[in-house]
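Residue numbers (the working numbering): 89 to 147.
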């Protein structure tokens, strides 16, 4: 989610909230399904690494 908003400056929190709402509204439901489906594996990786930081590309 942060990539579509990266580099944008928002004049206030309402503008940020509007942008996030728009992103959620425009994002296909399948994207959310896949993201949720991947959570258990990401949790396992985090547990196995004992919470050590992992670069996004490695996740």
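Cβ atoms here follow ideal geometry from the backbone N, Cα and C, with glycine treated the same way.
Requested in this report: Please state whether DSSP places residue 140 in a helix, a strand or coil.
Outcome: Of the three classes helix, strand and coil, the one that applies to residue 140 here is coil, per DSSP.
Query raised in the report: Is the CB-CB distance between residue 111 and residue 92 below 7 Å?
Result: Taking 7 Å as the cut-off, the Cβ atoms of residue 111 and residue 92 count as close.
Query raised in the report: Just how far apart, CA to CA, sit residue 132 and residue 139?
Result: So the alpha carbons of these two residues sit roughly 10 Å apart.
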